[in-house]
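For reference, the structure discussed in these notes is given below.
In UniProt numbering, the protein residues as written are 1 to 92.
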């Protein structure tokens with residue numbers, strides 16, 4: 001009998017829900033202050049997790065949660081890319 005593997009949980013900064021890591025998308029700020037989407041989840045830098053959910057992304061955009069969490073300016077293009085990624089995932 002194999003021991004149960006621990007499922008990594010992360011907290012969404014928009015909804016404060018704990019979800020599995022694979023249900024989230026990581027946004028990272030590098031030392032240089034560049035903010036980007038971390039598809040691999042392994043980039044170095046300050047990370048923040050958002051649910052792969054349109055409402056969570058829109059809430060984060062409206063309240064500017066990402067910028068305050070990462071302490072960096074977050075371009076609208078990041079939110080647009082996140083929304084496009086979520087819509088692509090849902091259409092699969």
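Each residue gets a CB set at the ideal place from its N, CA and C atoms; glycine is no exception.
Item                                                                                                                                                 : Value
Ignore the nearest five residues each way along the sequence and tell me which others in residue 32's own chain have a CB closer than 8 Å to its CB. : none
In this structure, what does DSSP give as the bridge partners for residue 38?                                                                        : 26
Alpha carbon to alpha carbon, how far is residue 27 from residue 90?                                                                                 : 19 Å
Of all the CB atoms in chain B, is at least one closer than 8 Å to the CB of residue 36?                                                             : Absence of chain B from the displayed structure is noted, only one protein chain being present.
In whole angstroms, what separates the C-alpha of residue 6 from that of residue 30?                                                                 : 28 Å
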